[in-house]
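Asker: Handing you a structure now.
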Amino acid sequence: MIEAFEAFVGVNFWTMIFAWCNLLVLYLFLRKILFKPVKNMIDSRQKEIDDMYAEAEKNRGDAAVMKADYEEKLNRANEESEEILKKAVRRAQLREEEILHDANDKAARVIKRAEEQIELEKKRMVNEIKNEVSEMAIDIAGAVIERDVSREEHEALIDEFIRTMGN
0 MIEAFEAFVG VNFWTMIFAW CNLLVLYLFL RKILFKPVKN MIDSRQKEID
50 DMYAEAEKNR GDAAVMKADY EEKLNRANEE SEEILKKAVR RAQLREEEIL
100 HDANDKAARV IKRAEEQIEL EKKRMVNEIK NEVSEMAIDI AGAVIERDVS
150 REEHEALIDE FIRTMGN
């Protein structure tokens, strides 16, 4: 029984060599059939993943460049819009000044023409008054010449002349 137990539990040199040979054959077989294809599949997957990371990094770099370019263009567009706005405001101010200057010139011309017309009207009125006074003086002189007038009549004629001048 001890021999049977020793044979069951014990170490037999030929059994051990046969087990090692089986293990070596099994390892070579699995290496050829399983390990190399699996390793190749894992390597190809790793290469795909590395390529994806490299492409993602490249895309991230491109995106950063595009973002910087976009921000630069946006800044330039903002600067150009501010410049255009400043120019438009300046043109509007110049136009406003021009319009005000033209309006002031026109107003000055209208005022000058009105003053000239007033002056002409004054001269015309003075001339009319002179003509009327002259006619009245001629009428008075004619009336005085037609008759001999005393001092009282003369004063009465002058008073009458002044009254008629008022009407």
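For the sequence shown, position 110 (counting from the first letter as 1) is numbered 109 according to numbering that gives the first Met the number 0, and the numbering increases by one without interruption.
Built from N, CA and C at the ideal position, the CB exists for glycine as well.
(1) Would residue 160 and residue 124 be called neighbours here (beta carbons separated by less than 8 Å)?
(2) Please report the straight-line C-alpha distance between residue 90 and residue 51, rounded to a whole angstrom.
(3) Distance, Cα to Cα, residue 59 vs residue 39?
(4) What is the residue span of the alpha helix (DSSP H) that residue 34 lies within?
(5) What's the gap between the Cα of residue 37 and the Cα of residue 30?
Answerer: Straight from the coordinates:
(1) Taking the first residue of the sequence shown as 1, we reach residue 160 at position 161. Taking the first residue of the sequence shown as 1, we reach residue 124 at position 125. In this structure, residue 124 does not lie closer than 8 Å to residue 160 by Cβ.
(2) By one-based count along the sequence shown, residue 90 stands at place 91. By one-based count along the sequence shown, residue 51 stands at place 52. Roughly 56 Å separates the two Cα atoms.
(3) In the sequence shown, counting from the first residue as 1, residue 59 sits at position 60. In the sequence shown, counting from the first residue as 1, residue 39 sits at position 40. Between the alpha carbons of residue 59 and residue 39 lies a gap of roughly 30 Å.
(4) The residue you call residue 34 lines up with position 35 of the sequence shown. Judged by DSSP secondary structure, residue 34 falls outside any alpha helix (DSSP H); it is assigned neither H nor E.
(5) For this step, residue 37 is matched to residue 38 along the sequence shown. For this step, residue 30 is matched to residue 31 along the sequence shown. Going by the C-alpha atoms only, they are around 9 Å apart.
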